[in-house]
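Everything on this sheet refers to the single structure shown next.
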Amino acid sequence: MANMNDIFSLAGHTALVTGSSRGIGRAIALALGRAGARVLFHGASDSQALRDAVAAAQAEGIECEQRVANLGDSGETASLAAACADADILVLNASVQSYGHLENFGEDEFHRMVETNLRSTFQLLRIMGPAMTARGWGRIVSIGSVNQAHPAPRLTIYASTKAAQKAAMLTAAKEWAAKGVTVNTVTPGVITTDRNAKVLSDPSFAEPLRASIPAGRFGVAEDCAGIVVALCSDACSYVTGADVIVDGGFSL
Ligand SMILES: NC(=O)c1ccc[n+]([C@@H]2O[C@H](COP(=O)([O-])OP(=O)(O)OC[C@H]3O[C@@H](n4cnc5c(N)ncnc54)[C@H](OP(=O)(O)O)[C@@H]3O)[C@@H](O)[C@H]2O)c1
Numbered sequence: 032m033a034n035m036n037d038i039f040s041l042a043g044h045t046a047l048v049t050g051s052s053r054g055i056g057r058a059i060a061l062a063l064g065r066a067g068a069r070v071l072f073h074g075a076s077d078s079q080a081l082r083d084a085v086a087a088a089q090a091e092g093i094e095c096e097q098r099v100a101n102l103g104d105s106g107e108t109a110s111l112a113a114a115c116a117d118a119d120i121l122v123l124n125a126s127v128q129s130y131g132h133l134e135n136f137g138e139d140e141f142h143r144m145v146e147t148n149l150r151s152t153f154q155l156l157r158i159m160g161p162a163m164t165a166r167g168w169g170r171i172v173s174i175g176s177v178n179q180a181h182p183a184p185r186l187t188i189y190a191s192t193k194a195a196q197k198a199a200m201l202t203a204a205k206e207w208a209a210k211g212v213t214v215n216t217v218t219p220g221v222i223t224t225d226r227n228a229k230v231l232s233d234p235s236f237a238e239p240l241r242a243s244i245p246a247g248r249f250g251v252a253e254d255c256a257g258i259v260v261a262l263c264s265d266a267c268s269y270v271t272g273a274d275v276i277v278d279g280g281f282s283l
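Numbering (my numbering), first residue to last: 32 to 283.
Below is the structure:
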C-alpha cells in the first residue's frame, strides 16, 4: 500500500498557477511546490509581487520560474500557454472583479471581465487540455466563487463569468475523464486578500459579514491551498467534476 506521503506527492509534475503573484494563487503555488511540483508563477505584469513570490518559493528550495501575461488579451494568453507547454497541472485562479449595479455597468467592463475570466479559461483549456490527455495524465482546478451560486448585489458580471467557468469545468471533466485528466472547481467564500482589503476595512460592512460565517472568521489564502494539492495528487485521481466549497460554512 502506498504511504500517505507518497499519494499526495506532486514530484515530477509541473504546475501553472494563473494569478500566483499574490493572494490565493500565491498560496496555492507555494503549496504545490512544497508537495514537490515545479511551479510556474504567473502575473499580469512583471511586478515586484511576482518576483517576491518566486523568490519566496526559491528560498524554500522549490523549482520555479515566472511567466507574465495579461489574460484579458488572447495573444498574450496564447503565448502563456505556449510557454507552459510542459505543465500537466493547470490552476485557473486569476480573475478580475469589479462592482456595478446592473443598470450602470459599462460595456468595456463587461468585456474586460468576460475576456479575462472566461475567454482565457476556454483558451487555456483548449490548448493545454489536449496536451494533458495526450500524455494520459493531467489536473485542472479552477477557482470559483460562492457568488457563482449565491447572488451578491453589484457582482452580476463577475458571478456570471464564474458560473460559466464552472459549467466549462463540468463539461471538460466529462470529456477528459477517460484520458487521465481530472477537472475540478474549488470555491472560496470570503478570503482576506488585496482584492477585498478595502471593503473589509470598513467595520460596518465587515463585522456583520464575519458574524454570518459559521466558522466565525474570514478565510486566509492558505485555507484554499491544501484542497488544491489534494485534488492534483494521485490521492484524488477518481475525483472529477467536483466543486469543493472553502468558506467556513458561509453558504450553508
Ligand atoms: N478573495 C476572496 O474573497 C475570493 C472569494 C471568492 C473567489 N475568489 C477568487 O479567487 C481567485 C484569487 O482571488 P484573490 O483574492 O487572491 O485575488 P487578488 O489578490 O486580487 O489577486 C489576483 C491575481 O490575479 C492576477 N490577475 C489579475 N488580473 C489579471 C489579468 N488581467 N491577467 C493576468 N492575471 C491577472 C493578479 O496578477 P497581478 O499581481 O499581476 O495583478 C494576481 O496574481 C480569483 O479568481 C477570485 O475570483 C476570491
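Glycine residues also receive a C-beta, built at the ideal position from the N, C-alpha and C atoms.
Asked, Found
"Proximity below 9 Å, CB of S173 to CB of N215", "yes"
"Same chain, Cβ closer than 8 Å to G54, neighbours up to 5 away in sequence not counted", "I222, T224, D225, R226, A252"
"Host alpha helix (DSSP H) of Q89 (start-end)", "79–90"
"Test item: CB-CB of L123 and T49 under 9 Å", "yes"
"Local conformation of L283 per DSSP, three classes", "coil"
"Given A11 as reference, the closest of A203, S243, G220, P234 once Cα atoms are compared", "As displayed, the chain neither begins before 32 nor continues past 283, which places residue 11 out of reach and without an answer."
"Reduced DSSP secondary structure (H/G/I, E/B, other) of L123", "strand"
"4-residue-minimum alpha helix (DSSP H) runs that sit fully inside the stretch 206–254, ordered along the chain", "225–231, 234–242"
"Rounded separation between G280 and N135 - CA only", "32 Å"
"Cα-Cα separation between R241 and T271, rounded to whole angstroms", "31 Å"
"Cβ-based neighbour list, I244, same chain, cut-off 6 Å, excluding 5 preceding and 5 following", "G279, F281"
"Helix, strand or coil at M32 according to DSSP, with G and I counted as helix", "Confidence is the limiting factor: at M32 the pLDDT is only 44, short of 50, which leaves the residue's position unreliable, though a coordinate-based value still follows. Looking at M32 - three-state DSSP - the assignment turns out to be coil, as it is neither helix nor strand."
"Those residues which DSSP pairs with I276 across a bridge", "T218"
"S126 burial status per 10 Å Cβ neighbour count (16 or more: buried)", "buried"
"Continuous alpha helix (DSSP H) assignments of at least 4 residues falling wholly in the stretch 122–155", "138–144"
"V260 - containing alpha helix (DSSP H), residue span", "256–263"
"beta-carbon Q128 near ligand 1 non-hydrogen atom, thresh 8 Å", "yes"
"Rounded straight-line distance, which links the Cα of I258 to that of S235", "32 Å"
"Where the beta strand (DSSP E) through I174 begins and ends", "169–174"
"Any non-hydrogen atom of ligand 1 within 8 Å of I258 CB", "no"
"Among A100, D77, S76, N178, the one whose alpha carbon lies nearest that of L155", "A100"
"T108 to S76 span [Cα, whole Å]", "13 Å"
"Cβ neighbour criterion (16 or more within 10 Å) applied to H132", "exposed"
"The stretch 161–172 touching the stretch 82–94, judged by at least three CB pairs closer than 8 Å", "no"
"Near ligand 1: D219 beta-carbon under 8 Å from a heavy atom", "The sequence shown places Pro at residue 219, not Asp. Indeed, a heavy atom of ligand 1 lies less than 8 Å from the Cβ."
"Host beta strand (DSSP E) of A109 (start-end)", "That residue, A109, is in no beta strand (DSSP E); its alpha helix (DSSP H) goes 105–114."
"Simplified DSSP assignment, three categories, for Y269", "coil"
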